[in-house]
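Residue numbers (UniProt numbering): 1 to 102. Accompanying notes for the structure given below.
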């Protein structure tokens with residue numbers, strides 16, 4: 001079939017390519033092993049898990065793997081500490097107000 005000077009019969013094929021990789025090569029390949037790792041170290045942040053994982057990975061890689069196995073990520077420690085400080089500060093203010101009323 002010739003159209004516009006191009007021979008589509010020789011250069012064009014509607015068949016999908018075979019034998020090439022789609023997506024990226026995951027650094028954490030064994031998700032069952034990773035799931036056991038998460039059950040043991042679930043109280044840690046992604047950054048802490050990345051430091052413990054046997055091969056060098058980033059905290060974002062840990063996050064992607066967590067999402068893949070259906071787990072949610074742990075919030076940053078700084079956010080938790082900030083909330084704790086707010087609660088402590090509020091408790092201190094309330095106790096001062098009670099003392100002033102007495």
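Beta carbons: idealized from backbone N, C-alpha and C, even for Gly. Fair warning: this is a prediction, and the values are worked out from it, not measured in the lab.
How about residue i and residue j: do their beta carbons lie closer than 8 Å?
{"i": "residue 59", "j": "residue 50", "result": "yes"}
{"i": "residue 40", "j": "residue 53", "result": "no"}
{"i": "residue 71", "j": "residue 18", "result": "no"}
{"i": "residue 35", "j": "residue 69", "result": "yes"}
{"i": "residue 27", "j": "residue 57", "result": "yes"}
Scan the region 32-66 and note each continuous beta strand (DSSP E) run of 3 residues or more that stays entirely inside, going in chain order. Complete beta strand (DSSP E) runs here, min 3: none at all.
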